[in-house]
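Worksheet for the structure shown next.
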Amino acid sequence: MSAPPGSASSTSTTNGMERLRLLSCNIVAGASVGRYRDYVTRSWLPHPGKRANLEALARSMEEFDVVGLQEADAGTLRSGFVNQTQYVAESAGFPYWSHQPNRRVSRLAQSANGLISRIEPTEVIDHPLPGRIPGRGALLARFGSGADALSVVISHLSLGPEARMRQLGFIAELLADAPHAVLMGDLNCAADSPELRELYRKTTLTPPIAPPPTFPSWRPRRAIDHILVSENLQIDSLWTLPQAFSDHLPVAASVTLPRGLQQELRRAA
Numbered sequence: 001m002s003a004p005p006g007s008a009s010s011t012s013t014t015n016g017m018e019r020l021r022l023l024s025c026n027i028v029a030g031a032s033v034g035r036y037r038d039y040v041t042r043s044w045l046p047h048p049g050k051r052a053n054l055e056a057l058a059r060s061m062e063e064f065d066v067v068g069l070q071e072a073d074a075g076t077l078r079s080g081f082v083n084q085t086q087y088v089a090e091s092a093g094f095p096y097w098s099h100q101p102n103r104r105v106s107r108l109a110q111s112a113n114g115l116i117s118r119i120e121p122t123e124v125i126d127h128p129l130p131g132r133i134p135g136r137g138a139l140l141a142r143f144g145s146g147a148d149a150l151s152v153v154i155s156h157l158s159l160g161p162e163a164r165m166r167q168l169g170f171i172a173e174l175l176a177d178a179p180h181a182v183l184m185g186d187l188n189c190a191a192d193s194p195e196l197r198e199l200y201r202k203t204t205l206t207p208p209i210a211p212p213p214t215f216p217s218w219r220p221r222r223a224i225d226h227i228l229v230s231e232n233l234q235i236d237s238l239w240t241l242p243q244a245f246s247d248h249l250p251v252a253a254s255v256t257l258p259r260g261l262q263q264e265l266r267r268a269a
């Protein structure tokens with residue numbers, strides 16, 4: 001489940017851990033999607049441009065501390081049998097990565113949630129999410145321990161609102177007792193949707209202020225990719241990267257951390 005590339009640098013980009021820089025991106029198996037017909041020609045088939053696209057993504061990640069990927073191929077035919085989470089982590093010089101393979105389509109494709117980090121996680125747990133069609137998951141990483149630990153969930157939710165409500169209910173249970181929490185990923189719904197409002201009610205997570213549109217990347221109109229943090233964390237800035245590595249723009253956040261959490265992450269870094 002977890003594999004730390006041993007040759008990567010362990011230097012954190014945070015300045016004394018006062019802030020944490022987060023990035024989340026649905027990479028659609030490394031496909032550079034600029035129009036709807038590209039889903040067939042670039043996403044589901046091996047394509048020579050995928051590796052170059054992943055390398056460009058890795059270069060853009062260098063200023064971040066924790067990165068969440070969705071729809072990273074787990075190493076099947078469509079990616080040239082490359083584990084894309086591992087490839088991007090090593091290309092960007094991150095020392096820690098983990099992935100959660102989810103839905104598999106024969107030997108052609110298997111999507112995964114991915115965690116890439118400059119800070120060593122204390123534990124990483126795979127959780128399957130409820131749904132009429134299996135194949136969605138939540139990847140839970142904890143950094144540090146005790147009252148000042150940080151819990152990060154990376155997920156890609158279903159298209160249907162009823163399934164999302166059940167999935168976010170499950171995630172709410174995971175984060176209900178977390179002192180400091182982050183949920184990031186392709187949530188497939190707006191920040192003020194009924195299912196996310198229910199999540200805010202059950203957890204300490206708070207709605208973002210002016211979430212930027214992320215989809216489709218060539219003409220962003222919908223803010224469906226999110227970085228949500230608990231009320232004791234402060235988002236200083238929330239933005240999208242201008243580069244379109246897939247049909248979603250990556251969403252990024254700079255988060256100020258409370259003192260206890262700063263000290264806990266320094267010990268883990």
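Numbering (our numbering), first residue to last: 1 to 269.
Glycine is no exception: its CB is placed at the ideal position from the N, C-alpha and C atoms.
Nearest-angstrom beta carbon gap, residue j and residue i [assumed within contact, 8 angstroms]
i, j, result
"THR214", "THR240", "6 angstroms"
"ASP225", "ASN26", "6 angstroms"
"PRO95", "ARG59", "So it is not a contact: roughly 17 angstroms between Cβ atoms."
"LEU183", "LEU175", "7 angstroms"
"ALA29", "PHE245", "At roughly 11 angstroms, the Cβ-Cβ gap does not stay under 8 angstroms, so ALA29 and PHE245 are not in contact."
"THR256", "ARG19", "6 angstroms"
"SER230", "ALA181", "4 angstroms"
Option nearest residue i by Cα separation, candidates the options
i, options, result
"LEU196", "PRO161, ALA176 and PRO179", "PRO161"
"GLU264", "PRO128, ASP148 and ASP177", "ASP148"
"ALA178", "GLU62, THR256, SER151 and ALA191", "SER151"
"SER193", "THR204, TRP218 and PRO208", "PRO208"
"PRO216", "VAL251, VAL229 and ILE227", "VAL251"
"LEU159", "ILE171, PHE143, VAL153 and GLY131", "GLY131"
"TRP218", "ASP247, GLY114 and GLU198", "ASP247"
"LEU238", "ARG221, ALA210, PRO220 and GLY260", "ALA210"
"ARG222", "ARG201, ALA191 and ALA92", "ALA191"
"PHE64", "MET17, ARG142, HIS180 and GLY260", "MET17"
Cut-off 7 angstroms between Cβ atoms - residues of its own chain near residue i, not counting five sequence neighbours on either side
i, result
"PRO290", "Residue numbering for the chain in the displayed model covers 1 to 269; residue 290 lies beyond these limits and cannot be assessed."
"LYS202", "ALA172 and ALA176"
"TYR87", "LEU54"
"ASP126", "MET1, GLN100, GLY137 and LEU139"
"GLY75", "PHE81, VAL82 and ASN83"
"TYR200", "THR206 and PRO207"
Spatial distance of residue i from residue j (CA atoms)
i, j, result
"ARG21", "GLN234", "12 angstroms"
"PRO242", "LEU249", "7 angstroms"
"LEU228", "SER98", "21 angstroms"
"GLN262", "PRO220", "35 angstroms"
"PHE81", "GLY114", "16 angstroms"
"GLY146", "ALA92", "30 angstroms"
"GLY144", "ARG266", "9 angstroms"
"ALA89", "GLN100", "15 angstroms"
"THR133", "PHE170", "Going by the sequence as given, residue 133 is Ile instead of Thr. Using only the alpha carbons, I get a separation of about 16 angstroms."
"ASP236", "PRO212", "14 angstroms"
Same chain only: Cβ atoms within 6 angstroms of residue i, ignoring 5 sequence neighbours per side
i, result
"PRO128", "GLY137"
"VAL67", "LEU23, MET61 and ILE116"
"GLY260", "ASP148"
"ALA141", "LEU115, PRO121, VAL124 and VAL152"
"SER155", "ALA138 and GLY185"
Neighbourhood of residue i by C-beta, 8 angstroms cutoff - its chain only, sequence neighbours within 5 removed
i, result
"LEU157", "LEU129, ARG136, ALA163, ARG164, GLN167, LEU168, GLY185, ASP186, LEU187, ASN188 and CYS189"
"GLU198", "MET165, LEU168, GLY169 and ALA172"
*Quick one: which unbroken alpha helix (DSSP H) runs of 4-plus residues sit fully inside the stretch 124 to 178? Chain order, please.*
161 to 175
*Segments assigned beta strand (DSSP E), at least 3 residues, entirely inside the stretch 229 to 268*: 234 to 240 and 251 to 256
*Sequence ranges, beta strand (DSSP E) only - wholly within the stretch 59 to 105, length at least 3*: 66 to 73 and 96 to 105
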